[in-house]
Every structure is written in C-alpha cells, then in structure tokens.
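Enquirer: Here you go, one structure.
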Amino acid sequence: MFTSELLLHFLNLLFIINILFAFAVVFLERKNPASTWTWLMVLLFLPSIGFILYLFLGQNLKKKKLFSLKKEEKENLASIINKQKEFLSNDTLIKTNPFLSKYSDVMKLNLCSDNSFYTNNNNVTIFTDGKSKFDQLKKNLEDAKIFIHMEYYIFQNDNLGGTILEILCRKAKEGVEVKLLYDGMGCLKVHKKFFAPLIEAGGKVSCFFPPFLPYINLRVNFRNHRKICTIDGKYGYIGGFNIGDEYLGLSKKFGFWRDTHLFIQGDALDALQLHFLMDWRFASKENSVFDDKYFPHRSHLGKTGLQIVSSGPDSTWNSIKNGYLKMISKAEKNIYIETPYFIPDDSILEALRIASLSGVDVRIIIPSKPDHPFVYWASTSYMGDLLDSGVKCYTYTKGFLHSKFLSIDGSISSVGTANLDIRSFTLNFEINAFIYDKEITSDLDRFFIDDLKSCDELTLKKYTNRSFIVKFKESISRLLSPIL
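If you read the sequence shown in the UniProt record's numbering, its first letter stands for residue 1, the second for the next number, and so on.
Structure representation (structure tokens):
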C-alpha cells in the first residue's frame, strides 16, 4: 500500500515537472517551432526521463553572452570594423577589384554579423589527409619560440595525442608559452591526468564546459567544436581534423579519413588568435589574456583574401549559416558541398532547391559510413528532399568523409569546423574561414571532383525504391533531427 502510494506520488511529481519544462519550452525559450514540437513530444511520450533529457540537451544560451571584450579591446576592434565597413561601401572597391566587389555583400554580411574583418595578406595551404597535416603541425610546434595556443574539440590519449603532448611539454620546459584548450564533451573519455605532464612542465590547460561530475555535464549540448592552432603569430591552422589516431586513418571502424584543413600564414592569424583568446578567457577565467606579442606585424606573405567567421549558441546571429546562405544565393554556375552531417533547416533546403531549379549545378557529398546512425539516416532523408529539384547527391565510399566545405563558381569557398546541420548552426561553437581566392577555391574544387570518383550517386530512382526499414529509420531520425 505504502509502495503504491509512493509510486503514485512520484509519478504525479514527474508529471508536474514535465508540465513545467513544457511551459519553459513553449513560453520562456525562443526556440524554432520544429525544435519546440520535438521537445514537447519528448516530454509527452517520455515523461519519466523527458525532463532529464531537456535539462541536459534543451537549454538555451542565446540570452547569455559568454564571451566579452574589455572596453579598450572593444574600442580597438570597433576601429578596425568601422574602417572595413567604409572600405566595403566605397566605390573605389568596384573600380580597383571587380572580383572583390562581386562578393562584397558576402564580406559585409560576415563583417556586420560577426565582426569578421577581411584580410588579404595571407598564404594558404590545403591539407586533405591527416599524415601530411600532422607532420606539418609537429614541425611548426618544434619551431615555436614564443607561444603555442591550441584549441581542439577532441584531443585523444593515444599515439598521436601522446606525441603532440610530448612536444608541448618539451616546448613549455624551454620557456615557450603553451596553452591548450579542449572540450569537456569531446574529451569525455580522456582523464585530466593525461594533461598533467604539460601543467607540470609549465604549460596551461583548460577545459571548455567541464563535467561537474564524471560523465555528467549539464551543458553537454553546447560543444566547443572549434579546431584552432596559432604558433608565434606566424603559423595557424583551422579545419576539420581533431587530434587522434583515427584522423590518421588508423581506425578499424572508419579506415581512411578524408578531411579538409587549412594551414595559414598571414594577417588572418590575428582573427584566429582573437577567437582563441576569448575562448581561453571564458574557460580559464583568466582576466588579462591579451598581449601585443600575439599580434605581430608581418611582411607581405601572400594575396589570399580571408575572413574568419565564428558562431555559437550565444551568438546574436547564426553567422556561418547566414554566410552559407548568402554564398548559395550568389551562385551562378555551381555549388559544391561536403559535410559529414547534412541536417539543414528549411532556409538552407529552400536555397539549394532554388539554386538547382535556376540552373546551378548543385552537388553534395556525405559519408556512406555513419558514425552516428540517427544523424546518417536523417542526412539521407534530407538529401532525398533535394533530388526532385535536380540536386546531385553522393555518398563517399573510400573511408569516412569528415570534410566541411562549400564553394561557389570556383571563386569563393568556406572551410572550417561547421557541418551543414542544425547543431553546428545553433548549438555548437564553430569557426570557419571564408576564402576569397579563385586559385585556392579551384584547388578545393579539384579535391571535390576527385572525391566524386570514390562516391556512389544517390539517384531519385534509388531513393524512391528504398526499403520500408530504411524509410522507417529515416522517419524516426528526421523527427529527432532538431535535437540531434
């Protein structure tokens, strides 16, 4: 009797808690309708655990500005931004550089939505395989004389991770300033003792949104997905590679790992450095993190135009997504996209349909091997929505495709950490390079065309004839897509 009454009280309590969370979802959080309905269904049909899932996965950081600049820092940045706005609105841009003038509205959008200043004194090298990327990174780390700043979503405790950490320890002992920032969710299985030798050597290590108890993190839904490395203000990296053996193609599950990463020398490093320092200040709680040594004067290094664009759950605008939308809307000949996860919102879907129906050659590649089954089936579902408008969709079969890349007309492109999915656009802290350079974009396009040789095309006929079980998997996965 007592047990049944206790159970009844407990169930009533759960019901009340779910009602309160449902109220919060509908009236207090400014979520999009799809996400709202998804959470309401979770709370309705999973009353025993719905509120727990919402506690972990449903919080909204839009109202919380996590990263801030001091007054002097804001004034310095505002001065740069105002000069750039004047430059972009000046008629001389059209007269002196027709190429830049054609895409000045993309540049202006990134500038106004994310304070992403444009630089053109840059030299860019593209890496598509882990071995060459990490060989170059290790060489640059060994050459460091002043500082090494690294920010990675995943830093594995394995052979590659151990090798990189050993170099960092050695450089710290030599007197080089070493700061390493990793994500609490991405490194959930990596014990903090792994990083202890670096701290003992004089380096500094911080965790972004660390769990307050082992494996329990109330901000698990907000992940710092950025991969940034800056060395002495001379060398910088941005792209898709995390640190771990699997990114060298050594995973039995995934095999060859196809990714895209950029090695940058030039003034764009100032933007990368700025983003690292703001992330570091938030995670480490250090107050004074800016120093002139991080922003050295550079001689002429190249001619590639770049903007470093970031976005996150606390951002006013979905800057990377909006940059993608602007690029898609300006395409006249082709749009090439690579992404491991394809879960776009309605605005991206409609933009791709309109481009294809307007005669633009739109091609999208995703992996054929899922690392997250629900995400994979949701991705194929959304690709299926595009087939009847003429979009060409492919699955990569050579290994695992982790590349995050979009280009238009062989002219401008974007490479970085953002997948073409709702999570990257709204929940993750991401960072991308927008590239205004025909030569670099053409090189990226050649890698894309070469990847097509290792792809199977998902035709409308194949998609229409898929089995009932596949349709069922897609339906369930798509239903969950706003919170995947």
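All C-beta atoms in this analysis are idealised placements derived from N, C-alpha and C, irrespective of residue type, glycine included. The structure displayed is predicted, hence computed values, not measured ones.
Please report the straight-line C-alpha distance between PHE447 and GLU439, rounded to a whole angstrom.
Expert: So the alpha carbons of these two residues sit roughly 13 Å apart.
Enquirer: If you draw a straight line from the alpha carbon of residue 494 to that of ILE238, how long is it in whole angstroms?
Expert: Residue 494 lies beyond the residue range present for the chain, which begins at 1 and ends at 484; the question has no answer from this structure.
Enquirer: Quick check: the Cα distance between ILE148 and ASP385, rounded to an integer number of angstroms?
Expert: Each residue's Cα considered, the two are about 45 Å apart.
Enquirer: What number of angstroms, rounded off, separates the C-alpha of ASP232 from the C-alpha of ARG423?
Expert: ASP232 and ARG423: Cα-Cα distance of roughly 33 Å.
Enquirer: Alpha carbon to alpha carbon, how far is GLU474 from GLY244?
Expert: Rounded to the nearest angstrom, the two C-alpha atoms are 31 Å apart.
Enquirer: For PHE342 and THR417, I'd like the C-alpha separation in whole angstroms.
Expert: Looking at the two C-alpha atoms, the distance is approximately 14 Å.
Enquirer: Once you ignore the five residues that flank ASN140 on each side, which residues in its own chain have a CB closer than 6 Å to its CB?
Expert: Same-chain partners within the cutoff: ILE231 and TYR235.
Enquirer: Just to confirm the assignment, what range does the beta strand (DSSP E) spanning MET383 have?
Expert: Note, MET383: premise wrong, no beta strand (DSSP E); alpha helix (DSSP H) at 373-387.
Enquirer: Considering just the uninterrupted stretch of the alpha helix (DSSP H) at LEU406, what are its terminal residues?
Expert: Premise fails: LEU406 lies in the beta strand (DSSP E), 405-408, not in any alpha helix (DSSP H).
Enquirer: At 4 residues or longer, and completely inside the segment 331-372: list those alpha helix (DSSP H) runs for me, N to C.
Expert: Listed in chain order, the complete alpha helix (DSSP H) runs (minimum 4 residues) inside the segment 331-372 are 346-357.
Enquirer: Rounded to whole angstroms, what's the CA-CA distance from CYS169 to ALA144? Just pull it up for me.
Expert: Straight-line Cα distance between these residues: approximately 12 Å.
Enquirer: On the criterion of 16 or more Cβ atoms from any shown chain inside 10 Å, does THR119 qualify as buried, or is it exposed?
Expert: Label assigned to THR119: buried.
Enquirer: Looking at the structure shown, is GLY305 part of a helix, part of a strand, or coil, going by DSSP?
Expert: Strand, per DSSP.
Enquirer: Please name the residue in PRO344, LEU387 and LYS398 whose C-alpha comes closest to that of VAL375.
Expert: The shortest C-alpha separation from VAL375 is found at PRO344.
Enquirer: Whole angstroms are fine: how far does the CA of ASP183 sit from the CA of SER411?
Expert: Whole-angstrom Cα-Cα distance: 34 Å.
Enquirer: What residues in its chain sit with their C-beta under 6 Å from that of ARG353, if we drop five residues either side in the sequence?
Expert: So the list reads SER389, once near-sequence residues are dropped.
Enquirer: Among PHE99, LEU460 and CYS112, which one has its Cα closest to the Cα of ASN82?
Expert: The shortest C-alpha separation from ASN82 is found at CYS112.
Enquirer: What did DSSP end up calling TYR103 once you bin it into helix, strand or coil?
Expert: Correct three-state label for TYR103: coil.
Enquirer: Have a look at LEU269 and PHE468 and give me their C-alpha separation to the nearest angstrom.
Expert: Whole-angstrom Cα-Cα distance: 50 Å.
Enquirer: For TYR394 and SER368, what's the separation of their Cα atoms in angstroms?
Expert: Rounded to the nearest angstrom, the two C-alpha atoms are 9 Å apart.
Enquirer: Check ILE231 in the structure and name its three-state DSSP category.
Expert: Correct three-state label for ILE231: strand.
Enquirer: Alpha carbon to alpha carbon, how far is PHE209 from ILE216? Give it in angstroms, no decimals.
Expert: Because the pLDDT at ILE216 is just 49, under 50, the model does not fix this residue reliably, and the value given afterwards should be weighed accordingly. Looking at the two C-alpha atoms, the distance is approximately 11 Å.
Enquirer: Report the CB separation of SER381 from SER477 in whole angstroms; it is logged as a contact under 8 Å.
Expert: Going by Cβ atoms, the distance from SER381 to SER477 rounds to 7 Å, so yes, they are a contact pair.
Enquirer: Give the straight-line distance between the Cα atoms of TYR396 and LYS293, rounded to the nearest whole angstrom.
Expert: Distance between the alpha carbons of TYR396 and LYS293 is about 43 Å.
Enquirer: Am I right that PHE405 and GLU338 are in contact with their C-beta atoms under 8 Å? What's the rounded C-beta distance?
Expert: Yes, PHE405 and GLU338 are in contact; Cβ-Cβ is about 4 Å, under 8 Å.
Enquirer: Residues in its own chain within less than 7 Å of TYR463 by CB, not counting five upstream and five downstream?
Expert: So the list reads GLY384 and LEU387, once near-sequence residues are dropped.
Enquirer: What separation, rounded to the nearest whole angstrom, lies between the Cα atoms of HIS300 and LYS252?
Expert: If I take the Cα positions, the gap works out to 44 Å.
Enquirer: On the premise that GLY130 lies in contact with GLY249, defined as a C-beta separation below 8 Å, what is that separation, rounded to the nearest angstrom?
Expert: Indeed, because the Cβ distance is near 6 Å, the residues count as touching under 8 Å.
Enquirer: According to DSSP, is GLU474 part of a helix, a strand, or is it coil?
Expert: Reduced to three states, the DSSP call for GLU474 is helix.
Enquirer: Let me confirm a value: PHE400 is counted as buried when at least 16 other C-beta atoms fall within 10 Å, else exposed. Which label applies?
Expert: Under this definition PHE400 is a buried residue.
Enquirer: How long is the line joining the alpha carbons of SER481 and ASP291, rounded to whole angstroms?
Expert: C-alpha separation (whole angstroms): 42 Å.
Enquirer: Would you list the residues sitting across from HIS261 in a DSSP beta bridge?
Expert: For HIS261, which the question treats as bridged, DSSP gives the partners PHE127 and GLY239.
Enquirer: Between LEU444 and chain D, is any beta-carbon pair separated by less than 9 Å?
Expert: Absence of chain D from the displayed structure is noted, only one protein chain being present.
Enquirer: In angstroms, rounded to a whole number, what distance separates the CA positions of CYS207 and LEU180?
Expert: In a straight line, the C-alpha of CYS207 is about 9 Å away from that of LEU180.
Enquirer: Residues in the same chain with beta-carbon distance under 6 Å from LYS321, minus the five sequence neighbours each way, listed in chain order, please.
Expert: If we look at LYS321 and ignore the five residues flanking it on each side, its Cβ neighbours are PHE425.
Enquirer: As an exercise, report each continuous beta strand (DSSP E) stretch of at least 3 residues that is fully enclosed by the segment 132-217, in chain order.
Expert: Taking only runs of at least 3 residues, the beta strand (DSSP E) segments lying wholly in the segment 132-217 are 147-152, 177-183 and 204-208.
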